[in-house]
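Residue numbers (this note's numbering), protein chains in the order written: chain A, 272 to 611; chain B, 236 to 375.
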């Protein structure tokens, strides 16, 4: 049901710019005001979230048992999975951010009906779908910079060329479009297919998936099917990033552009307040970004109260006679009223 | 306000903000963006090229949006189906040929095609097969 609600919500989001531009002719509002506001919300929300997280107390080191920790000299340490120094932790973070190493360890529980053994087996699907999707989305996002820069830096021209290197169709088919749509669809199918994942899935899980799928499909529809005036679009996007809004050619641009921009704006504004903030959060994961050096360094609890040591001897000195009177055994004979 | 590991986190945050605001600071020092201005043929040039009407094969807005689709269809019709004539919405008929129809009026690749393609960082593969028309080498 939550998946259906999410789908209906994304359809509503498509309708808003269709009506707003098609009937109300609010081109300036949908092409400039909405995305600019969304970017401001994105940036401010991102900074707010990071501030909030920076103010949260950091837990004690959490050693994860991904590999052998540093031990005796003749036991080989797994340095990237169980790092004990800053440099090793840095490599673990690099691998985590660029190759999604923790997803690679994803397992599933299987009952072998033949032997009756219940055990864990490797399940790389989540990792593979995530890699396809994230790299596809990243290339798509960076490639869009050709519409936001003048002159276009050579690196974006190379990206544009390389992405369309198969020369399929006109305009050329982008490989990253395939990666993005395949990845996000597989992630969505996985969420619907696997009953255990479906059971724990919420609106906030389906909505970002469907919204990103909507962004991708609206862009694909705009580029390959509806076909829009790219030069007019570049005039609008450049006007937006240089804050010069005079004489922008809105009337030359088809409705599919406004739908695409509105969905992207929704994604940007929603981003800091959703699970998508793992973009910033992955860097602040306590199980990933702290070395396992709890037995090497002395870690002092920063909020320990200042308690002076109080030995038993000193304690008995304070309360000895009273303890003796109550029948509690004491060490010092003087407290028992005896001569030493 | 107490921050935990504030220095590395804020350094990372500043790098992130720098990256996502890239279009703002990249374009700030350059002059205001101007639309590319492809050189359009004059009426006299079109008449001299042997066409009866001044209008292009399709309307300007159609060509701005869908010229690549038209050229793609023309290629398939001419080379795969052997169909060499195209009738547009106004009922006018043109010969399907890049060199003999399009480039009769739009004579210079550099002054016409490249203007918008460079502005939008597009590299069409027309010229993988077609020879770049005269005038290209002189002005390039």
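A virtual CB, placed ideally from N, CA and C, is assigned to each residue, including glycine.
Remember, predicted model here, so these are calculated numbers, not experimental data.
May I ask which residues mark the beginning and end of the alpha helix (DSSP H) holding residue 447/A? Counted from its first residue, the first chain places residue 447/A at position 176. Counting along the chain, the alpha helix (DSSP H) containing residue 447/A begins and ends at 446 to 464.
Could you tell me whether any Cβ in chain A is nearer than 8 Å to the Cβ of residue 351/B? If you number the second chain from 1, residue 351/B lands on position 116. Output row for residue 351/B: interface = yes.
DSSP state of residue 380/A, grouped into three classes? Your numbering for residue 380/A matches position 109 in the first chain. The answer is strand: DSSP assigns residue 380/A an E or B state.
Within 8 Å, strictly: CB atoms of residue 427/A and residue 417/A: Position 156 of the first chain holds residue 427/A. Position 146 of the first chain holds residue 417/A. Their beta carbons are under 8 Å apart, which means residue 427/A touches residue 417/A by this criterion.
What residues in the segment 258 to 271 of chain B bring their beta carbon closer than 8 Å to a beta carbon of chain A? 258, 259, 261, 262, 263, 265, 267, 268, 270 and 271
Start-to-end residues for the beta strand (DSSP E) that takes in residue 329/B: Your numbering for residue 329/B matches position 94 in the second chain. Note, residue 329/B: beta strand (DSSP E), 328 to 330.
Under a three-way DSSP split, which group does residue 370/A fall into? For the purposes of this step, residue 370/A is taken as the residue at position 99 of the first chain. Three-state result, residue 370/A: helix.
Tell me which same chain residues have a C-beta within less than 8 Å of the C-beta of residue 298/B, skipping the five on either side of it? Within the second chain, the letter at position 63 stands for residue 298/B. Once the five neighbours on either side are set aside, the close Cβ partners of residue 298/B are 291, 292 and 305.
Alpha carbon of residue 314/A to alpha carbon of residue 520/A, nearest angstrom: Taking the first residue of the first chain as 1, we reach residue 314/A at position 43. Taking the first residue of the first chain as 1, we reach residue 520/A at position 249. Residue 314/A and residue 520/A: Cα-Cα distance of roughly 28 Å.
Inter-residue Cα distance where the pair is residue 392/A and residue 386/A: The sequence position of residue 392/A within the first chain is 121, counting from 1. The sequence position of residue 386/A within the first chain is 115, counting from 1. Going by the C-alpha atoms only, they are around 15 Å apart.
For residue 470/A, three-class secondary structure by DSSP: For the purposes of this step, residue 470/A is taken as the residue at position 199 of the first chain. Residue 470/A: helix per DSSP, three-state reduction.
So which of 587/A, 389/A and 522/A has the shortest CA-CA distance to residue 296/A? Locating residue 296/A in the first chain gives position 25, where the first residue counts as 1. Checking every option, the nearest Cα to that of residue 296/A belongs to 522/A.
Is the CB of residue 300/B under 8 Å away from at least one CB in chain A? On the second chain, residue 300/B is found 65 positions in, with the first residue counted as 1. Residue 300/B counts as touching chain A.
At 8 Å on the CB atoms, spell out the chain B contacts of residue 500/A, in chain order. Position 229 of the first chain, counting from 1, holds the residue named residue 500/A. Ordered by position in chain B, the residues that pass the 8 Å Cβ test against residue 500/A are 296, 299 and 300.
The alpha helix (DSSP H) spanning residue 420/A covers which residue range? Counted from its first residue, the first chain places residue 420/A at position 149. That residue, residue 420/A, is in no alpha helix (DSSP H); it is neither H nor E in DSSP.
Could you list which residues in chain D have their beta carbon closer than 7 Å to that of residue 307/B, in chain order? Among the protein chains in the structure shown, which are A and B, there is no chain D.
If you measure between the beta carbons of residue 307/A and residue 509/A, is that distance less than 8 Å? Along the first chain, one-based indexing puts residue 307/A at 36. Along the first chain, one-based indexing puts residue 509/A at 238. Not in contact: residue 307/A and residue 509/A (Cβ atoms no closer than 8 Å).
What number of angstroms, rounded off, separates the C-alpha of residue 423/A from the C-alpha of residue 261/B? Reading the first chain from its first residue, position 152 is the one you call residue 423/A. Reading the second chain from its first residue, position 26 is the one you call residue 261/B. Answer to the nearest angstrom: the Cα atoms are 10 Å apart.
Between residue 371/B and chain A, is the shortest Cβ-Cβ distance under 8 Å, so that the two count as touching? Locating residue 371/B in the second chain gives position 136, counting from the first residue. Low local confidence applies: a pLDDT of 48 at residue 371/B is under 50, so the model's placement there is unreliable, with the coordinate-based value given in what follows. No - not a single Cβ of chain A is within 8 Å of the one on residue 371/B.
Please name the residue, chosen from 562/A, 491/A, 536/A and 410/A, that lies closest to residue 527/A on a Cα-to-Cα basis. In the first chain, the residue the question calls residue 527/A occupies position 256. Looking at the Cα atoms, 491/A is the closest of the given residues.
Opposite residue 389/A in the DSSP bridges: which residues? Your numbering for residue 389/A matches position 118 in the first chain. Per DSSP, 382/A.
Quick check: the segment 320 to 339 of chain A against the segment 544 to 561 of chain A, are at least 3 beta-carbon pairs closer than 8 Å? yes
Between the beta-carbon of residue 482/A and the beta-carbon of residue 539/A, is there less than 8 Å? In the first chain, the residue the question calls residue 482/A occupies position 211. In the first chain, the residue the question calls residue 539/A occupies position 268. No. Outside cutoff.
Can the beta-carbon of residue 277/A be found closer than 8 Å to that of residue 400/A? If you number the first chain from 1, residue 277/A lands on position 6. If you number the first chain from 1, residue 400/A lands on position 129. No. Outside cutoff.
Between which two residues does the alpha helix (DSSP H) holding residue 308/A run? As a position in the first chain, residue 308/A is number 37, starting the count at 1. Residue 308/A -> alpha helix (DSSP H) spans 305 to 326.
Could you tell me which of 325/B, 283/B, 258/B and 257/B sits nearest to residue 340/B, measuring between CA atoms? Residue 340/B sits at position 105 when you count from the first residue of the second chain. The shortest Cα separation from residue 340/B among 325/B, 283/B, 258/B and 257/B belongs to 283/B.
Report the partner residues of residue 322/B according to the DSSP bridge assignment. Translated into positions along the second chain, residue 322/B becomes position 87. DSSP, once it has assigned bridges, lists 328/B as partnering residue 322/B.
Candidates 345/A, 288/A, 608/A and 581/A: which alpha carbon is nearest residue 536/A's? One-based indexing of the first chain puts residue 536/A at position 265. Selected option, being the one with the closest Cα: 288/A.
Cutting at 8 Å between CB atoms, please list the residues of its own chain near residue 359/A, excluding the five before and the five after it. Stepping through the first chain from its first residue, residue 359/A is reached at position 88. Answer for residue 359/A: 350, 351 and 562, listed in chain order.
Starting from residue 310/B and walking both ways along the alpha helix (DSSP H), at which residues does that stretch end? By 1-based counting over the second chain, the position of residue 310/B is 75. Segment 295 to 310, the alpha helix (DSSP H) holding residue 310/B.
Residue from 435/A, 457/A, 431/A and 577/A with nearest C-alpha to residue 402/A: Walking along the first chain from the start, residue 402/A turns up at place 131. The candidate whose alpha carbon is nearest that of residue 402/A is 457/A.
Would you mind giving the Cβ-Cβ distance between residue 407/A and residue 440/A, rounded to the nearest angstrom? I have them listed as a contact below 8 Å. Walking along the first chain from the start, residue 407/A turns up at place 136. Walking along the first chain from the start, residue 440/A turns up at place 169. The pair is not a contact, with the Cβ atoms about 18 Å apart (cut-off 8 Å).
So, at 8 Å on beta carbons, what are the nonlocal neighbours of residue 357/A in its own chain, with the 5 sequence-adjacent residues on each side left out? To locate residue 357/A, count along the first chain from 1; it is residue 86. These residues qualify, in order along the chain: 562.
Taking 8 Å as the cut-off, decide whether the C-beta atoms of residue 462/A and residue 476/A are in contact. As a position in the first chain, residue 462/A is number 191, starting the count at 1. As a position in the first chain, residue 476/A is number 205, starting the count at 1. Contact: yes.
Residue 438/A vs residue 240/B beta-carbon contact at 8 Å: Sequence index remark: in the first chain, residue 438/A carries index 167 (1-based). Sequence index remark: in the second chain, residue 240/B carries index 5 (1-based). Not a contact, by the Cβ cut-off of 8 Å.
Using the Cα positions of residue 542/A and residue 480/A, report the straight-line distance between them to the nearest angstrom. Residue mapping note: residue 542/A aligns to position 271 of the first chain, counting from 1. Residue mapping note: residue 480/A aligns to position 209 of the first chain, counting from 1. So the two alpha carbons sit approximately 12 Å from each other.
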